[in-house]
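Novice: Below you'll find the structure I mean.
There are 2 protein chains.
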Amino acid sequence: MSAENPTLADKLATAIADGILSGALKPGTRLDEMGLAEQHGVSRTPVREALRQLAMSGLIDMRPRKGAIVSKATPDQVESLFVAMAEMEATCARLAAISMTPIERRRLQARHEAMLVLANAGQTEAYSDANVAFHGAIYAGSHNAPLAEYAMNLRRRVGPFRRAQFQVEGRLVRSNQEHDAVVRAILSGDAAGAHAAMLHHVSLVEDAFEAFAATNAA
Amino acid sequence: MSAENPTLADKLATAIADGILSGALKPGTRLDEMGLAEQHGVSRTPVREALRQLAMSGLIDMRPRKGAIVSKATPDQVESLFVAMAEMEATCARLAAISMTPIERRRLQARHEAMLVLANAGQTEAYSDANVAFHGAIYAGSHNAPLAEYAMNLRRRVGPFRRAQFQVEGRLVRSNQEHDAVVRAILSGDAAGAHAAMLHHVSLVEDAFEAFAATNAA
DNA sequence: ATGGGTCTATTTGCATACAAGATGGATGCC
DNA sequence: GGCATCCATCTTGTATGCAAATAGACCCAT
Numbered sequence: 001m002s003a004e005n006p007t008l009a010d011k012l013a014t015a016i017a018d019g020i021l022s023g024a025l026k027p028g029t030r031l032d033e034m035g036l037a038e039q040h041g042v043s044r045t046p047v048r049e050a051l052r053q054l055a056m057s058g059l060i061d062m063r064p065r066k067g068a069i070v071s072k073a074t075p076d077q078v079e080s081l082f083v084a085m086a087e088m089e090a091t092c093a094r095l096a097a098i099s100m101t102p103i104e105r106r107r108l109q110a111r112h113e114a115m116l117v118l119a120n121a122g123q124t125e126a127y128s129d130a131n132v133a134f135h136g137a138i139y140a141g142s143h144n145a146p147l148a149e150y151a152m153n154l155r156r157r158v159g160p161f162r163r164a165q166f167q168v169e170g171r172l173v174r175s176n177q178e179h180d181a182v183v184r185a186i187l188s189g190d191a192a193g194a195h196a197a198m199l200h201h202v203s204l205v206e207d208a209f210e211a212f213a214a215t216n217a218a
Numbered sequence: 219m220s221a222e223n224p225t226l227a228d229k230l231a232t233a234i235a236d237g238i239l240s241g242a243l244k245p246g247t248r249l250d251e252m253g254l255a256e257q258h259g260v261s262r263t264p265v266r267e268a269l270r271q272l273a274m275s276g277l278i279d280m281r282p283r284k285g286a287i288v289s290k291a292t293p294d295q296v297e298s299l300f301v302a303m304a305e306m307e308a309t310c311a312r313l314a315a316i317s318m319t320p321i322e323r324r325r326l327q328a329r330h331e332a333m334l335v336l337a338n339a340g341q342t343e344a345y346s347d348a349n350v351a352f353h354g355a356i357y358a359g360s361h362n363a364p365l366a367e368y369a370m371n372l373r374r375r376v377g378p379f380r381r382a383q384f385q386v387e388g389r390l391v392r393s394n395q396e397h398d399a400v401v402r403a404i405l406s407g408d409a410a411g412a413h414a415a416m417l418h419h420v421s422l423v424e425d426a427f428e429a430f431a432a433t434n435a436a
C-alpha cells in the first residue's frame, strides 16, 4: 500500500510501528491521539487513520471510545502468536521447497553459509540482521504474496515479545544448525522436510524466548 | 475488533465489506468517499477510516490521492489467494487435529453428518451455509486466534472470486466426501493426515472455481 | 488529425470545530 | 469511614471547511 506518495497517515503508521518495534513504545502504552498529533506536528485526523491501520495489523488494540494501546498480550496470546508464526514460517518453507527458482535456491544457500561464519564468530548483532533477511528470503521463496506478507506481519508482531532471543548462551550456533536442516530440505525440494525442519527451528526460538524471559523474571 | 459499541467507521467497514462480499460491489469498482458518505448519510471522516481499515484487510486497494477501488486481482493473484487459503485451512486442520477438545470433535462430527444429509438432498444453499460454519469450526479448533482470523480473512477475500462454486455438477457430494477424510483425520488426531486432506479438499475447490469460471467465460 | 499543454472541476488529504461518551474526583449519604 | 452518585474534565468520534493534487476536457499548434 502506498508506495511512492506516502500520505501523512502512512508515515505516521510506520513511525508509530517503528516506535513499537524498537521498544520505545512498550506493550500497554496508551496512544492518545492528541499527544501523537502534536508530537508529530499534525492534526488528529491522520493520526486516527494511522491508528486504525495499525489496529488491523494487530500491533495495537483499539476499543471504541476508549482509545488505543500498544498490543498487550497475555502469555497465552503470546504463545498463540509464536505458534502462528511457526506455522506460517513452516508453510512458507514448504512452498519454498516447491517453488523456489534455482537462483533463489543458490542465494539462500549463500546466505546460509555466510551466516555460519557470523555464528562462529559470535557476531550476535550481524547474525540477527542476517537472520531476518534469511527468513525473509524464505517468505519470498514461497512465491505467495499473501502468505509472505502475513508471515512478515506476524514476525513484526512477536518482535516486542522476543527481543534479544540470541542472548541465550549458544543460541547462535544452534540456530545455524537448525537453518542447515531447513536449507537442505528446501534445496532438495523436500516439502514435508522443509515444513518440519522450520517448525522445529521456530519452536526452538520460542523456547529460547521463554528461557530468556524466565532468566529475566528471576 | 470493536465488539459492542461499534463506531460509525466500524459499521461502515462491515457494510462496505458486505457489499463487496455480496457482489453488489464488483472488483474494480471505484469507492469514492463522498458517494459512500452521502449514501450512508454520514460525513467523509468515518468513511475514510473504514476504507483504511478495509485496505489493510486486503478487500480494497487504496492508492494515495487516487482513491480506493474494490480489490481487482490478476489471475495470478487470485491463484495466490487460493493457494494461501488452502495452506491456511490445512494448517488450521493440522492444529485442530492436535488441539480440539473432545466436545469440539463431537460437534465437528455432528456438523459433518448433518451436511451429508444436505448434500444428498441437493440443498445447495443450506449446504453452502453449513460449509462456512464447518470450516469456521475447524479454524476455531486450531485454538489459535491469529491463524483462525487470517484464515477467515482469506476466505472473505477469495469470496468475490469464487461465488457459486457449488454450482459445478456433483460438487456437493464430492465436497462432503472430502470433508469426510478431513474429519476422520482430525478425530483420530492425525495431524499430517488432516493437513493433507484439507489441502486436497481446498485445492479441489479451487479447481471447481476454475471450471466454473471457464464455463462462464465460454 | 494528433500530440501537447493548460485550465477547470472533481476528489482526496488535512485541519479545525463541534458533539458525545468515558474517566476520575469531589461531594453527599449511609 | 466506606460507598454510591453526580459533576467536571478530558478523550474520542463525527462533521465541516479549506488546500492541494489529480484527472479530464478543451484548445492550440504542428
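Just so you know, the sequences run in chain order A and B.
If you read the first sequence in my numbering, its first letter stands for residue 1, the second for the next number, and so on.
If you read the second sequence in my numbering, its first letter stands for residue 219, the second for the next number, and so on.
Just so it is clear, CB atoms sit at the ideal spot from N, CA and C, and this is done for glycine as well.
Quick caveat: nothing in here was measured; it's all calculated off a predicted structure.
#1: Return helix, strand or coil for Val47 of chain A, following the three-state DSSP convention.
#2: Any idea if Asp10 of chain A is buried or exposed, counting beta-carbon neighbours within 10 angstroms, 16 or more meaning buried?
#3: In three-state DSSP terms, what is Ala130 of chain A?
#4: Which residues in the same chain as Val265 of chain B place their Cβ atom closer than 7 Å to its Cβ, once the five residues preceding and following it in sequence are excluded?
#5: If you draw a straight line from the C-alpha of Thr14 of chain A to the C-alpha of Asn176 of chain A, how long is it?
#6: For Asp190 of chain A, report the span of its beta strand (DSSP E) as first-last.
#7: Spell out a yes or no on whether the region 71-79 of chain A and the region 120-140 of chain A are touching, meaning 3 or more CB-CB pairs, one atom from each, closer than 8 Å.
#8: Should Ile69 of chain A and Gly28 of chain A be called a contact, given that it needs their Cβ atoms to be closer than 8 Å?
#9: When burial is assigned at 16 or more other CB atoms within 10 Å of the CB, is Pro320 of chain B buried or exposed?
#10: Report the three-state DSSP secondary structure of Gly213 of chain B (helix, strand or coil).
#11: Thr7 of chain A and Pro282 of chain B - do their beta-carbons sit closer together than 8 Å?
#12: How is the alpha helix (DSSP H) around Gly377 of chain B delimited, first residue to last?
#13: Could you tell me which chain B residues have their CB closer than 7 Å to the CB of Met56 of chain A, listed as they occur along the chain?
#14: Restricting to Cα atoms, I'd like to know which of B:Ser317, B:Arg392, B:Ser346, B:Gly377 is closest to Ile356 of chain B.
#15: Taking only beta carbons into account, state which residues of the region 132-147 of chain A come closer than 7 Å to chain B, listed in chain order.
#16: Can you tell me whether DSSP reads Leu277 of chain B as helix, strand or coil?
#17: So, for Ser220 of chain B: in the same chain, excluding its five sequence neighbours on each side, which residues have a beta-carbon less than 8 Å away from its beta-carbon?
#18: Excluding the 5 residues preceding and the 5 following Gly273 of chain B in the sequence, name in chain order all residues of the same chain whose CB lies nearer than 6 Å to its CB.
#19: Excluding sequence positions up to five away, which residues of its chain have a Cβ less than 6 Å from the Cβ of Leu154 of chain A?
#20: Does DSSP put Gly285 of chain B in a helix, in a strand, or in coil?
#21: By the DSSP assignment, the alpha helix (DSSP H) with Ala291 of chain B in it spans what residues?
#22: Just to confirm my understanding: we take Val42 of chain A, look at its own chain, exclude 5 residues before and 5 after, and list those with CB closer than 8 Å. What are they?
#23: Got a sec: which bits of the region 67-84 of chain A sit with their beta carbon under 8 Å from any beta carbon on chain B, in order along the chain?
#24: With 8 Å as the threshold, decide whether the Cβ of Ser305 of chain B is near any Cβ in chain A.
#25: Check whether the region 325-339 of chain B and the region 388-402 of chain B are in contact - that is, three or more C-beta pairs closer than 8 Å.
#26: Please report the residue range of the alpha helix (DSSP H) in which Val335 of chain B lies.
#27: Can you list, in chain order, the residues of its chain whose CB lies under 8 Å from that of Lys244 of chain B, leaving out five sequence neighbours each side?
#28: So, is Gly388 of chain B buried or exposed, given that buried needs 16 or more other C-beta atoms within 10 angstroms?
#29: Determine the contact status of Ala399 of chain B and Ala410 of chain B, defining contact as a CB-CB distance below 8 Å.
#30: For Ala140 of chain A, collect the residues of the same chain with a Cβ closer than 7 Å to its Cβ; drop the 5 residues on either side in sequence, then sort them by chain order.
#31: Any idea if Gly276 of chain B is buried or exposed, counting beta-carbon neighbours within 10 angstroms, 16 or more meaning buried?
#32: With 16 other CB atoms within 10 Å as the buried threshold, where does Gln39 of chain A fall?
#33: Relative to the C-alpha of Leu405 of chain B, which residue among B:Leu269, B:Glu267, B:Arg325, B:Leu239 is closest?
#34: Confirm, please, whether the CB-CB distance from Ala412 of chain B to Ser360 of chain B is below 8 Å.
#35: Checking 8 Å against the spacing of the C-beta atoms, do Ala145 of chain A and Ser298 of chain B come in under that value?
Specialist: Taking the definition as stated:
#1: Sequence index remark: in the first sequence, residue 47 of chain A carries index 47 (1-based). Helix.
#2: As a first step, residue 10 of chain A must be located in the first sequence, where it is residue number 10. Result: buried.
#3: For this step, residue 130 of chain A is matched to residue 130 along the first sequence. In the three-state DSSP reduction, Ala130 of chain A falls in the helix class (H, G or I).
#4: What you label residue 265 of chain B is simply residue 47 of the second sequence in a count that begins at 1. Within the same chain, Val265 of chain B has close Cβ partners Leu230, Glu251, Leu254, Ala255.
#5: Taking the first sequence and counting its residues from 1, one reaches residue 14 of chain A at position 14. Taking the first sequence and counting its residues from 1, one reaches residue 176 of chain A at position 176. Cα to Cα, Thr14 of chain A sits roughly 31 Å from Asn176 of chain A.
#6: Locating residue 190 of chain A in the first sequence gives position 190, counting from the first residue. It is not in any beta strand (DSSP E) - Asp190 of chain A carries neither H nor E in the DSSP assignment.
#7: No: the two stretches stay apart, fewer than three of their Cβ pairs being nearer than 8 Å.
#8: By one-based count along the first sequence, residue 69 of chain A stands at place 69. By one-based count along the first sequence, residue 28 of chain A stands at place 28. In contact: Ile69 of chain A and Gly28 of chain A (Cβ atoms closer than 8 Å).
#9: Here the question's residue 320 of chain B lines up with position 102 in the second sequence. The residue in question, Pro320 of chain B, is exposed, as its Cβ has fewer than 16 Cβ neighbours within 10 Å.
#10: Since the displayed chain B opens at 219 and closes at 436, residue 213 of chain B lies outside it and no answer follows.
#11: For this step, residue 282 of chain B is matched to residue 64 along the second sequence. For this step, residue 7 of chain A is matched to residue 7 along the first sequence. In contact: Pro282 of chain B and Thr7 of chain A (Cβ atoms closer than 8 Å).
#12: In the second sequence, residue 377 of chain B corresponds to position 159, counting from 1. Element bounds for Gly377 of chain B: 363-380.
#13: The residue labelled residue 56 of chain A in the question sits at position 56 within the first sequence. Those are Gln271, Met274, Ser275, listed as they occur along chain B.
#14: Start at 1 with the first residue of the second sequence, and residue 356 of chain B comes out as number 138. The candidate whose alpha carbon is nearest that of Ile356 of chain B is B:Ser317.
#15: Asn144, Ala145, Pro146, Leu147
#16: Here the question's residue 277 of chain B lines up with position 59 in the second sequence. Leu277 of chain B falls in the coil class under three-state DSSP.
#17: Translated into the one-based positions of the second sequence, residue 220 of chain B becomes position 2. In this prediction, Ser220 of chain B scores a pLDDT of 46, lower than 50, which makes its location untrustworthy; the coordinate-derived value is nonetheless stated afterwards. For Ser220 of chain B, where only same-chain residues beyond five positions count, the Cβ hits under 8 Å are Asp228.
#18: Taking the first residue of the second sequence as position 1, residue 273 of chain B is located at position 55. Note on identity: in this sequence residue 273 of chain B is Ala, with Gly being the wrong assignment. Answer for Ala273 of chain B: Met280, listed in chain order.
#19: Against the first sequence, residue 154 of chain A aligns to sequence position 154. Within the same chain, Ala84, Met85, Met88 come within 6 Å of Leu154 of chain A by CB-CB distance, once the 5 residues on both sides are set aside.
#20: Residue numbering aside, residue 285 of chain B sits at position 67 when the second sequence is read from its first letter. Here Gly285 of chain B sits in strand by DSSP.
#21: Stepping through the second sequence from its first residue, residue 291 of chain B is reached at position 73. Element bounds for Ala291 of chain B: n/a, residue is neither H nor E.
#22: Along the first sequence, one-based indexing puts residue 42 of chain A at 42. Closer than 8 Å at the Cβ level, and outside the excluded window around Val42 of chain A, lie Leu8, Leu12.
#23: Gln77, Ser80, Leu81, Val83, Ala84
#24: Taking the second sequence and counting its residues from 1, one reaches residue 305 of chain B at position 87. It is Glu, not Ser, that sits at residue 305 of chain B in the sequence shown. Yes, its Cβ sits closer than 8 Å to a Cβ of chain A.
#25: yes
#26: In the second sequence, residue 335 of chain B corresponds to position 117, counting from 1. Looking at the DSSP string, the run of the alpha helix (DSSP H) that includes Val335 of chain B is 320-339.
#27: Numbered from its first residue, the second sequence carries residue 244 of chain B at position 26. So the list reads Val288, Pro378, once near-sequence residues are dropped.
#28: Residue mapping note: residue 388 of chain B aligns to position 170 of the second sequence, counting from 1. Gly388 of chain B counts as exposed, since fewer than 16 other beta carbons sit within 10 angstroms of its beta carbon.
#29: By 1-based counting over the second sequence, the position of residue 399 of chain B is 181. By 1-based counting over the second sequence, the position of residue 410 of chain B is 192. No; because the gap between Cβ atoms is not below 8 Å, this pair is not in contact.
#30: Here residue 140 of chain A refers to the residue found at position 140 of the first sequence. Cβ within range, chain order: Ala148.
#31: Along the second sequence, read from residue 1 onward, the residue named residue 276 of chain B stands at position 58. Classification of Gly276 of chain B: buried, given that the 10 Å Cβ count is 16 or more.
#32: As a working note, residue 39 of chain A is residue 39 in the first sequence. With fewer than 16 Cβ atoms within 10 Å of its Cβ, Gln39 of chain A is classed as exposed.
#33: Locating residue 405 of chain B in the second sequence gives position 187, where the first residue counts as 1. Ranking B:Leu269, B:Glu267, B:Arg325, B:Leu239 by Cα distance to Leu405 of chain B puts B:Arg325 first.
#34: Locating residue 360 of chain B in the second sequence gives position 142, counting from the first residue. Locating residue 412 of chain B in the second sequence gives position 194, counting from the first residue. Pairing Ser360 of chain B with Ala412 of chain B gives a Cβ-Cβ distance that is not under 8 Å.
#35: Taking the first sequence and counting its residues from 1, the one referred to as residue 145 of chain A is at position 145. Taking the second sequence and counting its residues from 1, the one referred to as residue 298 of chain B is at position 80. Yes, they are a contact pair.
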